[in-house]
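Reading through the structure tokens given below for one structure.
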């Protein structure tokens, strides 16, 4: 067999190998591009974990505080990258879920530093929304964190903005029975007459959810019933039905809520796991 015949036989094989190498290279490049967002999400998830669990219970870890502040200043994607639900680190910083409202207040005191650092971060998008249309203010109101909510309002978030189903921060706080958040929002002029997509006001939502919550006391849900939450519902209903608090400036509200959450933190038992 001549050299020319050998070359002719090998050419298709070499050609196929070159094509395969090109395909593999292209796939590798595509995979790297596809994974870039997940790398940022991993950074964000790490930040979320630190905010929620690591070193933030007492806010006294100076090394962590310094690293957190530096991260906020130097990495724009660090503060804006959402997780799989669209929630940003700022949203997670103002999220908690306790049956006892006083535990939420204590957590608000713990998170205040981190909320402020995130708000001060260069390039932070405070108006970001998650998949449900929640802003950080919606989450702070839902979570029962009045001081963080006031900080967000001072930073420029709309006190009456509606999420995907038409719920304002006031409606969310009302349906959760968070009287401290409801009071703060009313002091700052939140619209108590606004309605969601079902045509319900904050007062109607507080009444419905409050009655449903009180039924837990006599049913199989007693393990997740709190007298303090029930009392908070009743106070919320009273404020929304006419006994509204006097208007106040944002600085007055910030001072009032800061004192409130710090007092709750001082009185709080050892940190409980969130529900």
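Numbering (this note's numbering), first residue to last: 154 to 428. Virtual Cβ for every residue (Gly too), placed ideally from N, Cα, C. Small disclaimer: the values here were computed from a predicted structure and weren't measured.
(message) Taking contact to mean 3 or more Cβ pairs, one atom from each stretch, closer than 8 Å, check whether the segment 304-321 and the segment 275-282 are in contact.
(response) yes
(message) Just to check my reading of the structure: residue 392 and residue 332 have Cβ atoms closer than 8 Å, yes? What is that Cβ distance to the nearest angstrom?
(response) 7 Å
(request) Under 8 Å by Cβ, that's how I've got residue 384 and residue 259 pegged, so tell me the actual separation to the nearest angstrom. (result) So it is not a contact: roughly 17 Å between Cβ atoms.
(request) Assuming residue 265 contacts residue 226 (C-beta within less than 8 Å), just tell me the rounded distance between them. (result) In fact, because the Cβ distance is near 18 Å, the residues do not count as touching under 8 Å.
(request) Rounded to whole angstroms, what's the CA-CA distance from residue 289 to residue 372? Just pull it up for me. (result) 34 Å
(message) Judging by CA-CA distance, which residue of 269, 352 and 406 is the nearest neighbour of residue 340?
(response) Selected option, being the one with the closest Cα: 406.
(request) Report the option in 401, 387 and 363 whose CA atom is closest to the CA atom of residue 395. (result) The shortest C-alpha separation from residue 395 is found at 387.
(message) Closest to residue 362 by C-alpha separation, out of 247, 245, 324 and 254, would be which residue?
(response) 324
(message) Need the endpoints of the alpha helix (DSSP H) that residue 333 sits in, please.
(response) 332-340
(message) What would DSSP say about residue 256, mapped onto helix, strand or coil?
(response) helix
(message) Excluding the 5 residues flanking residue 403 on each side, which residues of the same chain have their C-beta closer than 7 Å to its C-beta?
(response) Sequence-distant Cβ neighbours of residue 403 in its own chain, meaning closer than 7 Å and more than five residues away, are 303, 306, 307 and 341.
(message) Does residue 312 come out as helix, strand or coil in the three-state DSSP assignment?
(response) coil
(request) Note the first and the last residue of the continuous alpha helix (DSSP H) segment covering residue 280. (result) First-last for residue 280: undefined, no H or E at that position.
(message) Which of the three DSSP states is assigned to residue 196 in this structure?
(response) Low confidence applies here, because residue 196 scores a pLDDT of 48, under 50, leaving its location unreliable; read the following figure in that light. Three-state result, residue 196: helix.
(message) Tell me the DSSP secondary structure of residue 414 in three-state form.
(response) Note: residue 414 maps to helix in three-state DSSP.
(message) If distances are taken between C-alpha atoms only, which option among 320, 414, 377 and 408 comes closest to residue 345?
(response) Comparing Cα-Cα distances from residue 345 to each of 320, 414, 377 and 408, the minimum goes to 320.
(message) So for residue 389, helix, strand or coil by DSSP?
(response) helix
(message) I need the straight-line Cα distance from residue 334 to residue 390, nearest angstrom please.
(response) 13 Å
(message) DSSP three-state label for residue 363, please.
(response) helix
(request) Could you please give the first and the last residue of the uninterrupted alpha helix (DSSP H) stretch that includes residue 322? (result) In this chain, the alpha helix (DSSP H) harbouring residue 322 covers 322-329.
(message) I'd like the span of the alpha helix (DSSP H) that includes residue 244, first residue to last.
(response) 242-246
(request) Apply the 10 Å Cβ neighbour rule to residue 316 and answer buried if 16 or more other Cβ atoms are within range, or exposed otherwise. (result) buried
(message) Using the Cβ count rule (16 or more neighbours within 10 Å means buried), how would you classify residue 474?
(response) For residue 474 there is no data in the structure shown, the boundaries of the chain being 154 and 428.
(message) Pairs of beta-carbons, one from the segment 244-251 and one from the segment 284-299, closer than 8 Å: are there three or more?
(response) The segment 244-251 vs the segment 284-299: in contact.
(request) Could you have a look at residue 221 and say whether DSSP puts it in helix, strand or coil? (result) helix
(message) I need the boundaries of the alpha helix (DSSP H) containing residue 401, first residue and last residue.
(response) Careful: residue 401 lies outside any alpha helix (DSSP H) and carries neither H nor E.
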